[in-house]
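Data block below; observations after.
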Amino acid sequence: MEGKRADEIAVNRALWAVVNERFTGPAAEGLWSRPELVWGLFEVPERRLGVLGEVDGLDVLELACGTAYCSAWLTRSGASVVAVDLSEEQLRTARGLQRRTGPTFPLVQADADHVPLAAASFDLVVSEHGSAAWCDPERWLAEAARVLRPGGRLVFLTNSLLSALCVPEDEGVATASLHRGQRTAYHIRWPGGGAEFHPSHGDWIRLLRGFGFSVEALHELYAPPDAPDHPYYEIVSTAWASQWPAEELWVARLTAAAAIRNG
Numbered sequence: 092m093e094g095k096r097a098d099e100i101a102v103n104r105a106l107w108a109v110v111n112e113r114f115t116g117p118a119a120e121g122l123w124s125r126p127e128l129v130w131g132l133f134e135v136p137e138r139r140l141g142v143l144g145e146v147d148g149l150d151v152l153e154l155a156c157g158t159a160y161c162s163a164w165l166t167r168s169g170a171s172v173v174a175v176d177l178s179e180e181q182l183r184t185a186r187g188l189q190r191r192t193g194p195t196f197p198l199v200q201a202d203a204d205h206v207p208l209a210a211a212s213f214d215l216v217v218s219e220h221g222s223a224a225w226c227d228p229e230r231w232l233a234e235a236a237r238v239l240r241p242g243g244r245l246v247f248l249t250n251s252l253l254s255a256l257c258v259p260e261d262e263g264v265a266t267a268s269l270h271r272g273q274r275t276a277y278h279i280r281w282p283g284g285g286a287e288f289h290p291s292h293g294d295w296i297r298l299l300r301g302f303g304f305s306v307e308a309l310h311e312l313y314a315p316p317d318a319p320d321h322p323y324y325e326i327v328s329t330a331w332a333s334q335w336p337a338e339e340l341w342v343a344r345l346t347a348a349a350a351i352r353n354g
């Protein structure tokens, strides 16, 4: 199992080296310069969802940060942020954006399964379309629980379970039909490269509770009817995502007892 997972991580790293080419120009700078945080493919404003609350003065860890636009917004909002990602190419783009636009904050190359940071160091762990889909939930949730302080929060965005069920076996855009079973969706190896995890809602609740989290909210994100299709993430169309949720935004809190145990 360890060898298989190591192979999947290598495949994912190679895939994100290619995907990073889409983030090196105006698209990346546009995300970094946004005055407010938005969530997901269809840019649902944080002010509408209110999942983060007041972040000024908080110690925040972003897992699987990509080009770290979420960390940039958090830093501008007064948080002390550390951003972690597996891809050197994505982090290189983030460093360039720090030099050109600011702000600056620590960037660490590491897998969310093994975070090289001290236990009980953060008030908030955020993952915006990163660790939840690409990392083994048994491992990255354990790390999130370890680095959080008692009462700390975990906020993560991932593809909806329904979208994972409705994307054809050979990849492409989600349809109105189911193309795989719910159990199969837990761990998918796509033919075009990349290994993903899409637990069911029951699995997410079981996993979160197992690592000492209490679930506070689950927001299902839809596309506004007049939104354009996403320019490069083709997993869902606007027509599909205006009928069914394209993404899920989870909010959980670490109990004090679990924090003591994890530390």
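Quick note: the sequence shown uses this note's numbering, first residue 92, plus one each step.
Ideal placement from N, C-alpha and C gives every residue a C-beta, glycine not left out.
Check this for me: beta carbons of GLU338 and SER251, under 8 Å apart or not?
Yes, the Cβ-Cβ distance between GLU338 and SER251 is below 8 Å.
Measuring CA to CA, which of GLU311, VAL129, ARG237 and ILE279 is closest to GLY303?
ARG237
Kindly list the residues whose CB is nearer than 7 Å to the CB of PRO136, restricted to its own chain and excluding five residues on each side of it in sequence; keep chain order.
GLU127 and VAL129
Based on the DSSP secondary-structure assignment, which residues constitute the bridge partners of PRO136?
VAL129
Within a Cβ cutoff of 6 Å, which residues of the same chain sit near VAL327, ignoring the five residues on either side of it in sequence?
Answer for VAL327: SER254, ALA265 and ALA337, listed in chain order.
Would DSSP call LEU256 helix, strand or coil?
helix
Could you tell me which residues DSSP puts in a beta bridge with LEU245?
VAL216 and ALA343
In the DSSP assignment, find the beta strand (DSSP E) that holds ARG280 and state where it starts and stops.
278-280
So, at 6 Å on beta carbons, what are the nonlocal neighbours of TYR160 in its own chain, with the 5 sequence-adjacent residues on each side left out?
For TYR160, the CB contacts under 6 Å within the same chain, skipping 5 residues up- and downstream, are LEU122 and TRP123 in chain order.
To the nearest angstrom, how far is it from the Cα of TYR175 to the Cα of PHE247?
Position check: residue 175 holds Val in this sequence, whereas Tyr was assumed. Straight-line Cα distance between these residues: approximately 14 Å.
Going by the CB atoms, is the gap between LEU340 and LEU132 shorter than 8 Å?
Using a Cβ distance threshold of 8 Å, LEU132 and LEU340 do not count as a contacting pair.
First through last residue of the alpha helix (DSSP H) which encompasses VAL238
Boundaries of the alpha helix (DSSP H) harbouring VAL238: 228-238, taken from the DSSP string.
With a 10 Å radius around its C-beta and 16 neighbouring C-beta atoms as the bar for buried, classify ARG244 as buried or exposed.
buried
Using the rule of at least 16 other Cβ atoms within 10 Å of the residue's Cβ for burial, across every protein chain shown, is SER162 buried or exposed?
The residue in question, SER162, is buried, as its Cβ has 16 or more Cβ neighbours within 10 Å.
Rounded to a whole number of angstroms, what is the C-alpha to C-alpha distance between TYR324 and ASP147?
32 Å
Within the same chain, show all residues whose beta-carbon is closer than 7 Å to that of LEU269, passing over the 5 residues directly before and after it, in chain order.
Non-local beta-carbon contacts of LEU269 in its own chain, meaning distances under 7 Å to residues more than five positions away in sequence, involve LEU256 and CYS257 in chain order.
Which residues DSSP lists as bridging GLN200, in chain order
According to DSSP, which records beta bridges pairwise, GLN200 is partnered with ASP176.
State the Cα-Cα distance for the pair LEU309 and GLU153, rounded to the nearest angstrom.
19 Å
Out of LEU312, THR192 and HIS321, which one is the CA nearest neighbour of VAL142?
LEU312
Tell me the DSSP bridge mates of GLU287?
ILE279
Using a 10 Å radius around the Cβ and a threshold of 16 neighbouring Cβ atoms, would you call ASP202 buried or exposed?
buried
Using 8 Å as the threshold, is the C-beta distance between ALA119 and LEU188 below it?
yes
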